[in-house]
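The sequence shown begins at 127 in my numbering and counts up one residue at a time. Think of the CB as a built atom: it goes at the ideal place given N, C-alpha and C, for glycine as much as any other residue. Inspection log for the structure reproduced underneath, given as structure tokens.
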Amino acid sequence: MTATGSAHGATYRAARVVEGTVLAISIFVAQSGQQLLGISADSLYQIAMIALGLGSLPMCLWLIRSTRISKWIGILGFVGYSCLILSMILAALGFKTASLALLTPGALFEIIFGGLLLLGFNLHPKI
127 MTATGSAHGA
137 TYRAARVVEG
147 TVLAISIFVA
157 QSGQQLLGIS
167 ADSLYQIAMI
177 ALGLGSLPMC
187 LWLIRSTRIS
197 KWIGILGFVG
207 YSCLILSMIL
217 AALGFKTASL
227 ALLTPGALFE
237 IIFGGLLLLG
247 FNLHPKI
């Protein structure tokens with residue numbers, strides 16, 4: 127993996143840690159029926175998803191540039207995570223129904239990429 131790939135991986139890993147931490151906090155806030163510093167559990171969820179989206183964009187750019195996987199999968203991921211960010215912003219603004227449609231590209235990416243990871247694919251670039 128190149129230095130750029132390592133940096134993208136570290137960014138993605140940090141985003142997943144932030145996402146998981148904020149989601150865990152949102153569960154405690156939801157169960158308590160209270161708010162955390164005036165922030166609701168729904169807002170914490172939206173913050174976690176925005177963090178995930180922002181941290182995943184560099185990984186998708188790396189997938190697009192990489193020869194390790196088909197470029198279209200990286201493009202689908204980039205579009206999907208961009209839509210996730212927009213969806214969470216729209217949900218925060220009160221457009222919850224409209225924001226659901228934007229989750230489709232990300233869901234497709236997660237299913238396809240996750241399936242490839244589970245089924246295995248050649249991670250070594252062609253020489």
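* Check whether the Cβ atoms of Leu170 and Arg142 lie closer than 8 Å to each other. => Cβ atoms of Leu170 and Arg142: not closer than 8 Å.
* To do: Measure the beta-carbon distance from Ser166 to Tyr207 and round it to whole angstroms, keeping in mind my assumption that it falls under 8 Å.
  => 24 Å between Cβ atoms; not a contact.
* Per the contact definition of three or more C-beta pairs closer than 8 Å, is the segment 184 to 198 in contact with the segment 217 to 233? -> Inter-segment contact for the segment 217 to 233 and the segment 184 to 198 is absent: fewer than three beta-carbon pairs are separated by less than 8 Å.
* To do: Return helix, strand or coil for Leu183, following the three-state DSSP convention.
  => In the structure shown, Leu183 sits in a helix (DSSP, three-state: H, G or I).
* To do: My understanding is that Ile151 touches Leu162, with C-beta atoms under 8 Å, so please give their C-beta distance in whole angstroms.
  => With 8 Å as the limit, Ile151 and Leu162 qualify as a contact, their Cβ atoms being about 7 Å apart.
* Return the residue from the list Gln172, Val155 and Leu243 that minimises the CA-CA distance to Arg194. => For Arg194, the nearest C-alpha among the options comes from Leu243.
* For Gly241, does the count of other Cβ atoms within 10 angstroms reach 16, so buried, or fall short, so exposed? -> A residue is called buried once 16 or more other Cβ atoms fall within 10 Å of its Cβ, and Gly241, having fewer, is exposed.
* To do: May I have the straight-line CA-CA distance separating Gly200 from Ala217, to the nearest angstrom?
  => Distance from the CA atom of Gly200 to the CA atom of Ala217, rounded to whole angstroms, is 25 Å.
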